[in-house]
Each structure stands twice: as structure tokens, then as C-alpha cells.
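In order, the protein sequence lines correspond to chains L and P.
Quick note on numbering: our numbering labels position 351 of the first sequence as 351, and the sequence is numbered without any gaps.
Quick note on numbering: our numbering labels position 201 of the second sequence as 201, and the sequence is numbered without any gaps.
Every residue gets a Cβ at the ideal spot worked out from N, C-alpha and C, and that includes glycine.
Protein chains: 2
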Amino acid sequence: MKSFEFHIPTKIVFGEGKISLIGPYANKYGKKLMVVYGKGSIKKNGVYDKVIKSLNEQHLDFIEYPGVKSNPVLSHVNEGISLARQEKVDFILAVGGGSVIDEAKAIAAGLCYDGNVWDFYNGTAKIQEALPVLTILTIPATASEMNGGTVLSNEETRQKFGFIDEHLFPKLSILDPTATYSISPDYTAYGAVDAISHATEGYFTHDNNWYPVQDRIVESLVKTIMESTEIVLKKPDDYYGRATMMWAASLAWNGLTTSGVDGASVPCHMFAHVLGAFYDIAHGAALSIITPAWMQYKYKENIQRFAEFSANVFGLEGKNPDETAQTGIEALKNWFKKIGSPVSFKDAGIPEGDIEELSEGVLEIADLWQIKGYSKNNVKDILSLCL
Amino acid sequence: MKSFEFHIPTKIVFGEGKISLIGPYANKYGKKLMVVYGKGSIKKNGVYDKVIKSLNEQHLDFIEYPGVKSNPVLSHVNEGISLARQEKVDFILAVGGGSVIDEAKAIAAGLCYDGNVWDFYNGTAKIQEALPVLTILTIPATASEMNGGTVLSNEETRQKFGFIDEHLFPKLSILDPTATYSISPDYTAYGAVDAISHATEGYFTHDNNWYPVQDRIVESLVKTIMESTEIVLKKPDDYYGRATMMWAASLAWNGLTTSGVDGASVPCHMFAHVLGAFYDIAHGAALSIITPAWMQYKYKENIQRFAEFSANVFGLEGKNPDETAQTGIEALKNWFKKIGSPVSFKDAGIPEGDIEELSEGVLEIADLWQIKGYSKNNVKDILSLCL
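1. Excluding sequence positions up to five away, which residues of its chain have a Cβ less than 6 Å from the Cβ of V274 of chain P?
2. Compare the C-beta of Y240 of chain P with all C-beta atoms of chain L and state if any pair is closer than 7 Å.
3. For V232 of chain L, I'd like the list of residues in its chain whose CB is within less than 7 Å of its CB, leaving aside the five on either flank, ordered along the chain.
4. Consider the Cβ of T327 of chain P: report whether some Cβ of chain C lies at a distance smaller than 7 Å.
5. According to a CB-to-CB cut-off of less than 8 Å, which residues of the stretch 243-255 of chain P neighbour chain L?
6. Which runs of the alpha helix (DSSP H) at least 4 residues long sit entirely within the stretch 337-369 of chain P? Give them in chain order.
7. With three or more beta-carbon pairs closer than 8 Å as the criterion, would you say the stretch 35-50 of chain L touches the stretch 117-127 of chain L?
8. Which chain P residues sit within Cβ distance under 8 Å of F6 of chain L?
9. Could you give the distance in angstroms between the alpha-carbon of L221 of chain L and the alpha-carbon of L60 of chain P?
10. I'd like to know whether the C-beta of S220 of chain P is nearer than 7 Å to at least one C-beta of chain L.
11. Could you check the C-alpha separation between V47 of chain L and I174 of chain L for me, to the nearest Å?
12. Please return the same chain residues whose Cβ sits closer than 6 Å to the Cβ of F271 of chain L, not counting the five positions on each side in sequence.
13. Assuming I12 of chain P is part of the beta strand (DSSP E), what are its boundary residues?
14. Note down, in chain order, every chain L residue with its Cβ under 8 Å from the Cβ of W210 of chain P.
15. Extract the residue ranges of the alpha helix (DSSP H) inside the stretch 155-226 of chain L, only unbroken runs of 4 or more that lie entirely within it.
16. What does I290 of chain L touch in chain P if you count any residue whose Cβ is under 9 Å from its own?
17. Would you report the Cα separation of S182 of chain P and A192 of chain P, rounded to the nearest angstrom?
18. What separation, rounded to the nearest whole angstrom, lies between the Cα atoms of V343 of chain L and V36 of chain P?
19. By the 7 Å beta-carbon criterion, what residues does the stretch 129-162 of chain P contribute toward chain L?
20. Under a CB-based cut-off of 7 Å, is R216 of chain P close to chain L?
21. Can you check which of these residues, L:A285, L:P321, L:G353, L:S265, is closest to Q370 of chain L by C-alpha distance?
22. For a contact meaning CB atoms closer than 7 Å, what does T224 of chain L contact in chain P?
23. What residue does the alpha helix (DSSP H) around A141 of chain L start on, and which one ends it?
24. For the alpha helix (DSSP H) holding E301 of chain L, just list the boundary residues, first then last.
25. Could you give the DSSP three-state label for L60 of chain L: helix, strand or coil?
26. Buried or exposed: I164 of chain L, going by 16 or more other Cβ atoms within 10 Å of its Cβ?
27. With respect to the beta strand (DSSP E) encompassing K32 of chain P, which residues constitute its N-terminal and C-terminal limits?
28. Could you tell me whether the Cβ of S3 of chain P comes closer than 7 Å to any Cβ of chain L?
29. G202 of chain P versus chain L: which residues are under 9 Å apart at the beta carbon?
30. Short check: CB of A141 of chain L to CB of A249 of chain L, under 7 Å?
31. Candidates L:K2, L:P66, L:E79: which alpha carbon is nearest N116 of chain L's?
32. Are the CB atoms of S259 of chain P and F6 of chain P nearer to each other than 7 Å?
33. Using the beta-carbon of each residue, which ones in chain L are nearer than 8 Å to E227 of chain P?
34. May I ask you to list the residues that DSSP assigns as paired with L134 of chain P?
35. Assuming V89 of chain L contacts K32 of chain L under a Cβ cut-off of 8 Å, what Cβ separation, rounded to an integer in Å, is found between them?
Below is the structure:
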């Protein structure tokens, strides 16, 4: 194993009814906060009322900052930074999914920085300080509630960049599975795809050393995410199904599956971010298109690993490792279809003609994230497999 | 899943060469520390020299407190508390295995308490404060480097008690696999048994709800610990083997396998602690005697779970679930034998005649830890299966 640091300072408070405890938990981070949320789904499912009641009971002074988009954008972050600075808030509370949490992190870091917050995303500045962020998770997918990652889109430059920084771990995250009962079937599916992608990217890309702890945890999480997705698509208020999916998604991208693993990278996320920057497409939907195409293109570089995935996750065995690997890729693609997530540009209404421009965006992220082995040609080939 | 809190504030620094960084890491916890260690194995394997050199380079003022026993004892803890108080140390550095770390935690908590530190162990007081503890792990087994647990023996009362408290998480733990190359084959085996017991106790005892995340991680860790043990028993300086075992043992008892699981308890540790209090026996050796006997006695209460263990860990399948479960128990017992850990009182030279007295000790811990379902009769029956 390669050397690593593992440190998750975030306190997870998990279970039904825990959202109503946000006031007492928040109390110790200051007197004034900004509550960041999206387009109002938390008002429909009752989460908003619980949060506001609990904050009021603790006599906390708060301002609200709604309107975070599914792919959070720089302009809205900048407005949030100005407002938070003007109102002199002590900390940020994100109530929502990964997008809301990512934007809250951007505001928390941007407020403590004199320059443009985008500098952190394009790699020209490093975070020195950030306000504390607390989260109440309503969509399991990105694991942003339990990691130091954030992703943001710059509308002007048509870039969607992300990075990880230790200052961005939330101090506290409340995970109440009942808050996820109202997630629509499509977004339930997209969340599952995202979590599976987080778990597997390192698994498919690491070097050929021996990582049985990490690889087996990956396989365990993928099987579990698949099972729990099928349960909740049939019965959206199945507590064990929602709880299992929620916890598995957090564990899929909190460092557990990649710590100590050498060579792990995130090529499918690299492609998916570009699709997210170009089109109005959910992150999970972009990943379910890219992932099978990427696997199909890449599996020959490590047939054994892809065959193990097929055998250990799907219980499949072909006549030879190549066939085993291929049937596993097909099985994953079919499963994405089965849960209603797109597996081609056509499924998602993405035009065929943008491949040239998309490939430039992909290479830009490859450069930024230092992902080796991608050229204009092979990126275009992979994108062509998505048609 | 039941509600839970998951919070591991410990920062893990993992990898070859990391011990020499202890000085810079320690610097921020104060100017004066107490270095706690055992009977001198760290002087033979070079770890001591690296630690002292790094502390000196940072001009840290330190006192040494060696002599921690394999089963750490209250009298030595009390002396350590007096010394640390007199010398006004700011924090404690434990260099060793679980026993050393457990004793360091006891000193760290006892120093901030006016009463007898044993009060924390017998449940009559709760920790309000503790000095910071840093650790350099040299024997993977207890996961004390990544949890809030501590176990201590009281020679006067012949009791070995343990408890978990959030104040006792180490601030920082350095895990260098090369520091474990010199562990003898028997202690390598005992460490593996302890880690397997930590992983499986909750798995075997939880209720019949659906815990696929936790159960699969348990199965993954057990398989991995077995594989890595076999590797390092053949080749003690196999880096990947030692690294894998070290990380797997930490994950086996840091909350990951039990968070959200209802009904999980630690009956085998309950028995093993009594053996440790009565005889000069290594903790892992006590567990390899107790565990198969306990499994044999208990499996009929949940044949399905034990059959799954047999199938998913050993790949065994009998004519029916009962047979599958039994062959799995036999396989685990045989594996303990194979790696050189005792599986009977006879193997360990424990006299047959103490069962009556031992059973009283077991019931005392059952009461303290609130483990239900144990009576004088069934405890004696389980102990009789150990002969």
C-alpha cells in the first residue's frame, strides 16, 4: 500500500428524527448562520419546517439563501459570499443534496478569501481557512456530507471543476433516511449511479498491487447500493432500504475505498463533469452514460480486474476472463437501464455533434486533475462509444 | 438500521518512514510529554531510536514511562498518573501495541480525575476530560489506535474491565507496517484472532434486520485478515501483508462494522477478559479458545447467520444450513490451530478446575456491559466446551 493520511473529522448523526436536533448541535458554532438550500423541495417534504423550528428554539439568528441549482454555479456562490459577508455569519448550514453542500463549502471558503473563489477550483489558490459547515443531507449520492470535496460550474467559462481540501469537511452531518423518502425515482437512480461510480473509479484504475481491504469494501458497497436501490424504487419509504443506501453512499467516497491505493483516479467523473458543464444533465445521468463506455474502452488494459468485478459483484463467469469482464460491463449497463438512468447520448437527448468540443473540456480536466493517459483521440473514441 | 453517531476524530498517518515524523506532529500538543511503552521490544526493532530522535529534533521535553505489561495493570497506571502529574506533562505518546495504548489512555484520563481511575472501568464514573494521546502502533490487533476503547486489569480484585469513551480517541496515530516486521509468529497470530473477533462479534450477535453494509465489510475484513496473516507468517517482512493486516485490524473495531447495527454485543471478549484476568494468557490466545466454543454453543440461535459466515468467508456449503454453519465453525477453529493459536484450555495449560470461579467473573462483566442472555449454567456450558 502507498502511504496515506486518513482523517474524517466530520461527526455523523444518523437516524430518523435527528433533523430536529440541528439547533442544539448548531449552537456551539456561533450565533448567526446562513441556511443554504435548493429550489424548495425541502419545503414540500417537511425538512425545512423541522430545521427552522429547531434553530428558532435555540434562538439562533439565521438568514436563508435558497436557489442552489442541481449543478451549482459560480454566480450564485458569489452572491452567497457577498450576503454572508455583509450579514457577518459565523457558519453555514447546508440543507439538501451534494449540490447544496458543495455550494455551502464554496461560500464558506470564499468568505475567508480576498480573491475569486474560482481560484480554488482551477487550482491557482489553496484554501487557508473556511467557515464551519454543517449539513443536513436529503439526497444520498455525492458523499459531500462526509468528505472535503466540492464541485462547481462556471457558467462564463463553461467549466465544471472540483477539488478536495481538508478545510471543507463538514463539522457535523445529519443523515435522516426518512428525509429521502420523497426523492423521485430518477434522482434515486442518479444517486445510486454516482455512489457506484465513486466506489469503483479507484478500483478500476489502481495499479496491480494487492488491495484486498479496499477492493472488497468496494465490491460490498456496489452490491449493497444495487440491492437498496431496487428496494426503494419499489417502496420509496422502506426505512432499511433508504438507510442502507444513505450510509453506503457516504462510505463510497469518504476515503475508505481509496486510502492506500496507488494510481487510483476518477476518469468517469472527469468526462461526466464536462457533460454537466455543457448540458442540463444530472450528474448521475452523465455517469451512467460515460461509465459503461469507458469500461468497454479500457477493460483490456486490466482484464483481470474487470473480470473480478463481474464475478464478485454480479456472480458472472464467462468462458475466459475477457468474456467474464465483458459480461460484467454489460450487466452494469443493463442495470443502469433497468433503474431508469440513461446509457447513451441518445437516451439523454445530447447532440452527436459536440464530441470535438467536449473532448477539449475533458482534456482540460485531465490536466487539472493530473489524470494520465488521455489524448484527444482516445477521449473522442470513448465519447463515440456513448452515442 | 438503528440510529447512531459515527465520529473518528483520530488522524491516521500510515506508511513506511512515518514514525520519524512524530516530533513535528507532536509539537502542536504542548511542550512536555510522557512516552509510554512496554518491556523494551521497541528498543530492539529501532522504533524507540526513531521516536527519541524526532522528539529531540523538535526540542520537546519528555519523560519515559516503560514497563507496560501485556495485560496492563492498574498499579502501573496509578504510578504513571502520579509521575505524569508531578512532571506536569501536556500529553501522552504511546509507543507499542494495544496494551500500551490502553494504559496511555488510562493515564491521560486518570490525570484529569481526582478519584481512582478504576472508577471509569467499573462504571461508577464517567470521563469529563483527558490529556491528548498520540500513538505509534507496533502491533495490529486491538484497534485502540483508532477508537475510544481501553481495557485494564485490576490485580487486587482479579478483574479485567474495558469501556469506550469519546474522550479517549487518540488525536493522531502513526501506523508504519515496517514496525511490525519483528512481531513473533505467536503474537502475529494472536493479533489476527483479536481483529477477527472484533469484526465478527457484532455480526454474530445482531438482530435479524438487514445490515448488508456492515455484514459485508465484516466478511471482507475477516477474509483479508486471514490472507494477510498467512502471508506474513511465511514472510514476516512482506510489506503488503503487514500493511494490509495493520489497516484491516484498525477498521475491524473503529465503529465501521457496528454502527447502525442493533443488538450487537461482545460475548467472546467478555469471556476472554476473564481468562486474561485469571491467567498469564495473551488476549488473542484467550479469544481463539473461547470463540469456536461460543460459536458451537450459540449457532443454533441463528443458523442462517452462521451459515452465511461459513459460505461467504470460507466458501463452504453443507447439505443444509445447520451443516454449513457447523463446517464454518470447524474451519475457523482449524484455522486458529493452523496459525498456532490455542483452541482449548489444554492447549494453553489452563486448569480444568476453575470453571466455577471463571463463570462468576464472566457474569460480572455481563452485568457491567449489559450483555443479556447469560446465566451461570450456560456460561459454565460454554467454558466446558473449551476443555
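Taking the geometry as given:
1. Here residue 274 of chain P is taken as the residue at index 274 of the second sequence, counted from 1. So the list reads L358, G361, V362, once near-sequence residues are dropped.
2. Translated into positions along the second sequence, residue 240 of chain P becomes position 240. It does; some Cβ of chain L falls within 7 Å.
3. Counting from one through the first sequence, the residue named residue 232 of chain L turns up at place 232. Once the five neighbours on either side are set aside, the close Cβ partners of V232 of chain L are T188, D238, G241, R242, M245.
4. Note that chain C does not occur in the displayed structure, where the protein chains are L and P.
5. Here the close residues are A243, T244, W247, A248, L251.
6. Within the stretch 337-369 of chain P, complete alpha helix (DSSP H) segments of at least 4 residues are found at 345-348, 355-368, given in chain order.
7. No, the stretch 35-50 of chain L is not in contact with the stretch 117-127 of chain L.
8. By 1-based counting over the first sequence, the position of residue 6 of chain L is 6. In chain order, K11, I12, F14 make up the part of chain P whose C-beta sits under 8 Å from the C-beta of F6 of chain L.
9. Reading the first sequence from its first residue, position 221 is the one you call residue 221 of chain L. Reading the second sequence from its first residue, position 60 is the one you call residue 60 of chain P. For L221 of chain L and L60 of chain P, the distance between alpha carbons rounds to 44 Å.
10. The residue labelled residue 220 of chain P in the question sits at position 220 within the second sequence. Answer yes: the Cβ-Cβ gap between S220 of chain P and chain L drops below 7 Å somewhere.
11. As a first step, residue 47 of chain L must be located in the first sequence, where it is residue number 47. As a first step, residue 174 of chain L must be located in the first sequence, where it is residue number 174. Roughly 12 Å separates the two Cα atoms.
12. Here residue 271 of chain L refers to the residue found at position 271 when the first sequence is read from its first residue. Hits under 6 Å: I290, V362.
13. For this step, residue 12 of chain P is matched to residue 12 along the second sequence. Note, I12 of chain P: beta strand (DSSP E), 4-14.
14. Counting from one through the second sequence, the residue named residue 210 of chain P turns up at place 210. Those within 8 Å of W210 of chain P in chain L are Y240, T244.
15. Counting only runs of 4 or more, we get 185-205.
16. Residue numbering aside, residue 290 of chain L sits at position 290 when the first sequence is read from its first letter. Ordered by position in chain P, no residue passes the 9 Å Cβ test against I290 of chain L, which lies about 26 Å from the chain.
17. In the second sequence, counting from the first residue as 1, residue 182 of chain P sits at position 182. In the second sequence, counting from the first residue as 1, residue 192 of chain P sits at position 192. Near 15 Å, if we compare the C-alpha coordinates of A192 of chain P and S182 of chain P.
18. Working through the first sequence from its first residue, we reach residue 343 of chain L at position 343. Working through the second sequence from its first residue, we reach residue 36 of chain P at position 36. If you take the alpha carbons of V343 of chain L and V36 of chain P, they lie about 58 Å apart.
19. None of the residues of the stretch 129-162 of chain P has a beta carbon lying less than 7 Å from any beta carbon of chain L.
20. Numbered from its first residue, the second sequence carries residue 216 of chain P at position 216. Closer than 7 Å to some Cβ of chain L, the Cβ of R216 of chain P qualifies, so yes.
21. In the first sequence, counting from the first residue as 1, residue 370 of chain L sits at position 370. Answer by Cα proximity: L:S265.
22. The residue you call residue 224 of chain L lines up with position 224 of the first sequence. Those are P212, V213, R216, listed as they occur along chain P.
23. Along the first sequence, read from residue 1 onward, the residue named residue 141 of chain L stands at position 141. In this chain, A141 of chain L is not harboured by any alpha helix (DSSP H), its DSSP state being neither H nor E.
24. Within the first sequence, the letter at position 301 stands for residue 301 of chain L. Neither: E301 of chain L is in no alpha helix (DSSP H) and is coded neither H nor E.
25. Looking up residue 60 of chain L in the first sequence gives position 60. The three-state reading of DSSP puts L60 of chain L in coil, since its state is none of H, G, I, E or B.
26. Numbered from 1 along the first sequence, position 164 holds the residue referred to as residue 164 of chain L. It is exposed - the Cβ of I164 of chain L has fewer than 16 other Cβ atoms within 10 Å.
27. Position 32 of the second sequence, counting from 1, holds the residue named residue 32 of chain P. Counting along the chain, the unbroken beta strand (DSSP E) around K32 of chain P starts and ends at 32-36.
28. Taking the first residue of the second sequence as position 1, residue 3 of chain P is located at position 3. It does: the Cβ of S3 of chain P has a partner Cβ on chain L nearer than 7 Å.
29. Counted from its first residue, the second sequence places residue 202 of chain P at position 202. Result: empty, since nearest Cβ-Cβ is about 15 Å, beyond 9 Å.
30. As a position in the first sequence, residue 141 of chain L is number 141, starting the count at 1. As a position in the first sequence, residue 249 of chain L is number 249, starting the count at 1. Contact flag set, yes.
31. The count along the first sequence starts at 1 and reaches residue 116 of chain L at position 116. It is L:E79 whose Cα lies nearest to the Cα of N116 of chain L.
32. Residue 259 of chain P sits at position 259 when you count from the first residue of the second sequence. Residue 6 of chain P sits at position 6 when you count from the first residue of the second sequence. A Cβ-Cβ contact shorter than 7 Å links S259 of chain P with F6 of chain P.
33. As a working note, residue 227 of chain P is residue 227 in the second sequence. Those are P212, listed as they occur along chain L.
34. Locating residue 134 of chain P in the second sequence gives position 134, where the first residue counts as 1. Note: L134 of chain P sits in a beta bridge opposite P:L93, P:L172.
35. Walking along the first sequence from the start, residue 89 of chain L turns up at place 89. Walking along the first sequence from the start, residue 32 of chain L turns up at place 32. About 5 Å separates the beta carbon of V89 of chain L from that of K32 of chain L, a gap short enough to meet the 8 Å contact definition.
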